[in-house]
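Colleague: So the number in the numbering used here is just where the residue sits in the sequence shown, counting from 1, plus 428.
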Amino acid sequence: MRRVEIEAFIKGFLLFFLSMGTLVSVLAYSSYTKEIERLDARLLDKMRICSFDLQCQEFSINFADNNFSTYKLYKQGGITAYFPILKSKKNLLSIALSKEKYNQEIDQIRQALIKEFLLFFLVIIVLSILFSLYTLSPLRQSLRLTEEFIKDILHDFNTPLASLRLNSSMLKLEIGENKKINRIESSIESVLTLQENLRCYLFDHEMQQETIELQNFVSQLVLSMQKIYTDITYTIDIPTNLTLQSNPKALERILNNLLSNASKYNKQQGHVTIQYKDQYLTISDTGKGIKDTKRIFDRFYKEQDRGIGVGLHIVKKLCDELHITIQVESKVGIGSRFILRLPKTP
Numbered sequence: 429m430r431r432v433e434i435e436a437f438i439k440g441f442l443l444f445f446l447s448m449g450t451l452v453s454v455l456a457y458s459s460y461t462k463e464i465e466r467l468d469a470r471l472l473d474k475m476r477i478c479s480f481d482l483q484c485q486e487f488s489i490n491f492a493d494n495n496f497s498t499y500k501l502y503k504q505g506g507i508t509a510y511f512p513i514l515k516s517k518k519n520l521l522s523i524a525l526s527k528e529k530y531n532q533e534i535d536q537i538r539q540a541l542i543k544e545f546l547l548f549f550l551v552i553i554v555l556s557i558l559f560s561l562y563t564l565s566p567l568r569q570s571l572r573l574t575e576e577f578i579k580d581i582l583h584d585f586n587t588p589l590a591s592l593r594l595n596s597s598m599l600k601l602e603i604g605e606n607k608k609i610n611r612i613e614s615s616i617e618s619v620l621t622l623q624e625n626l627r628c629y630l631f632d633h634e635m636q637q638e639t640i641e642l643q644n645f646v647s648q649l650v651l652s653m654q655k656i657y658t659d660i661t662y663t664i665d666i667p668t669n670l671t672l673q674s675n676p677k678a679l680e681r682i683l684n685n686l687l688s689n690a691s692k693y694n695k696q697q698g699h700v701t702i703q704y705k706d707q708y709l710t711i712s713d714t715g716k717g718i719k720d721t722k723r724i725f726d727r728f729y730k731e732q733d734r735g736i737g738v739g740l741h742i743v744k745k746l747c748d749e750l751h752i753t754i755q756v757e758s759k760v761g762i763g764s765r766f767i768l769r770l771p772k773t774p
């Protein structure tokens, strides 16, 4: 189940569960108060009968001054009712149930209601799960159709993109270096990057670990960037012979997206610095900066008109899969710095 499906499932489950749980709780409280009222009425009837024959072992019988209303329950510690005495205007007959016995009666009612309440809640949990799965099915179907559509488009992109790359290379051989050809190649690389990002977003990855020589790995990526962004100065500060265990394709996609953003949104004649120190790989730029660093990894969030807002979301997704923690620091107009805590080197 994908993340968006899990979020939709949890939201649907909580909505149904909380609404039904609230309703059942209100009904349970109402039932509890009615049961207490029935208990009091039943006890009053027993006390009334007891006032005639005095044959009632569960109650204590006494006399009281004629200062109370008769045939009415008083809850003072236990429960007491007062009844008139024939030919006596000065005294009343007091019949009481002790606090302990009254609380026992209430506990029995409470335990019975709690059992019913828990049973209802189990039913509500099952119904909430079924309701969430039912409401999730249209979303899953829509996502599946969208993904199949995008996969078909990505597949259809391959032929024209390959033709564009081949013909631009042949054109460069014929007429030599040309700014217009360089811009065409830059645009082709942007489309290829978008295509690869969409593939990463749609397809699952086998995270097979391999040994990577970090300096050479980063240098190859920077070399590709230099061909596209010729006005950007790149500085690599990574120790030689530094290796780590990771998935090359996933790590390449992470670094490629970060370097692409650092170059694309940089100022003219800007700088990009890649530095490694104490397990931390830092990519810094002198670009526009990021306004909202808390949302920068959200899917489809973007602060520029270019792109579709999945690049950094894919970076975060792949970092989580590779157990790489990523942080971002940025100041608008000054630049940004992405900090990756890589796994320990062997």
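Glycine included, C-beta positions come from ideal geometry on N, C-alpha and C.
Model, not experiment: these values are computed from the prediction.
Do F548 and V452 have their beta-carbon atoms positioned less than 9 Å apart in this structure?
Modeller: Stepping through the sequence shown from its first residue, residue 452 is reached at position 24. Stepping through the sequence shown from its first residue, residue 548 is reached at position 120. Closer than 9 Å, so yes.
Colleague: Using the rule of at least 16 other Cβ atoms within 10 Å of the residue's Cβ for burial, across every protein chain shown, is V646 buried or exposed?
Modeller: Position 218 of the sequence shown, counted from the start, is the residue given in the question as residue 646. Under this definition V646 is a buried residue.
Colleague: Exposed or buried, which one is D713 when buried takes at least 16 other CB atoms within 10 Å?
Modeller: For the purposes of this step, residue 713 is identified with residue 285 of the sequence shown, where counting begins at 1. Buried, by the Cβ-count rule.
Colleague: Would a C-beta distance cut-off of 9 Å place G440 and S560 closer than the cut-off?
Modeller: As a working note, residue 440 is residue 12 in the sequence shown. As a working note, residue 560 is residue 132 in the sequence shown. Yes, Cβ-Cβ distance for G440 and S560 is below 9 Å.
Colleague: Taking just the CA atoms, how far does L564 sit from I666?
Modeller: Reading the sequence shown from its first residue, position 238 is the one you call residue 666. Reading the sequence shown from its first residue, position 136 is the one you call residue 564. Going by the C-alpha atoms only, they are around 47 Å apart.
Colleague: Taking the C-alpha atoms as reference points, what is the distance between Y662 and T587?
Modeller: Residue numbering aside, residue 662 sits at position 234 when the sequence shown is read from its first letter. Residue numbering aside, residue 587 sits at position 159 when the sequence shown is read from its first letter. Just so you know, the alpha carbons of Y662 and T587 end up roughly 32 Å apart.
Colleague: Could you check where the beta strand (DSSP E) with E486 kicks off and where it finishes?
Modeller: For this step, residue 486 is matched to residue 58 along the sequence shown. Element bounds for E486: n/a, residue is neither H nor E.
Colleague: According to DSSP, D665 sits in a beta bridge with which residue or residues?
Modeller: For this step, residue 665 is matched to residue 237 along the sequence shown. Beta-bridge pairing links D665 to Q703.
Colleague: Give me the Cα-Cα distance between I718 and E544, rounded to the nearest whole angstrom.
Modeller: Along the sequence shown, read from residue 1 onward, the residue named residue 718 stands at position 290. Along the sequence shown, read from residue 1 onward, the residue named residue 544 stands at position 116. Near 55 Å, if we compare the C-alpha coordinates of E544 and I718.
Colleague: Could you tell me if G604 is buried or exposed, where buried requires 16 or more neighbouring beta carbons within 10 angstroms of its beta carbon?
Modeller: To locate residue 604, count along the sequence shown from 1; it is residue 176. Burial call: exposed.
Colleague: How about Q673 and Q637: are their beta carbons less than 9 Å apart?
Modeller: As a working mapping, residue 673 is identified with position 245 in the sequence shown. As a working mapping, residue 637 is identified with position 209 in the sequence shown. Result yes, Cβ atoms of Q673 and Q637 sit closer than 9 Å.
Colleague: Please name the residue, chosen from L558, K695, V700 and Q696, that lies closest to I664 on a Cα-to-Cα basis.
Modeller: As a working note, residue 664 is residue 236 in the sequence shown. For the options L558, K695, V700 and Q696, the alpha carbon positioned closest to that of I664 is the one of V700.
Colleague: Between which two residues does the beta strand (DSSP E) holding L521 run?
Modeller: As a first step, residue 521 is located in the sequence shown; it is residue number 93 there, counting from the start. From DSSP, the beta strand (DSSP E) with L521 extends over S516 to L525.
Colleague: For the structure I just gave you, are there three or more beta carbon pairs, one from the segment 490-503 and one from the segment 517-528, closer than 8 Å?
Modeller: yes
Colleague: Which value, in whole angstroms, describes the spacing of the CA atoms of F577 and D748?
Modeller: Locating residue 577 in the sequence shown gives position 149, counting from the first residue. Locating residue 748 in the sequence shown gives position 320, counting from the first residue. Straight-line Cα distance between these residues: approximately 27 Å.
Colleague: Let me confirm a value: I682 is counted as buried when at least 16 other C-beta atoms fall within 10 Å, else exposed. Which label applies?
Modeller: The sequence position of residue 682 within the sequence shown is 254, counting from 1. I682 comes out buried.
Colleague: Taking only the alpha-carbon atoms, compute the straight-line gap between I711 and L768 and give it to the nearest angstrom.
Modeller: Counting from 1 along the sequence shown, the entry for residue 711 is found at position 283. Counting from 1 along the sequence shown, the entry for residue 768 is found at position 340. Answer to the nearest angstrom: the Cα atoms are 8 Å apart.
Colleague: Helix, strand or coil for S497, going by three-state DSSP, please let me know.
Modeller: Along the sequence shown, read from residue 1 onward, the residue named residue 497 stands at position 69. S497 sits in coil when the DSSP states are folded into three classes, being neither helix nor strand.
Colleague: What separation, rounded to the nearest whole angstrom, lies between the Cα atoms of L442 and A456?
Modeller: Here residue 442 refers to the residue found at position 14 when the sequence shown is read from its first residue. Here residue 456 refers to the residue found at position 28 when the sequence shown is read from its first residue. Rounded to whole angstroms, L442 to A456 spans 20 Å at the Cα level.
Colleague: Please report how far the alpha carbon of N610 lies from the alpha carbon of I656, in whole angstroms.
Modeller: Within the sequence shown, residue 610 is the residue found at index 182, counting from 1. Within the sequence shown, residue 656 is the residue found at index 228, counting from 1. Looking at the two C-alpha atoms, the distance is approximately 7 Å.
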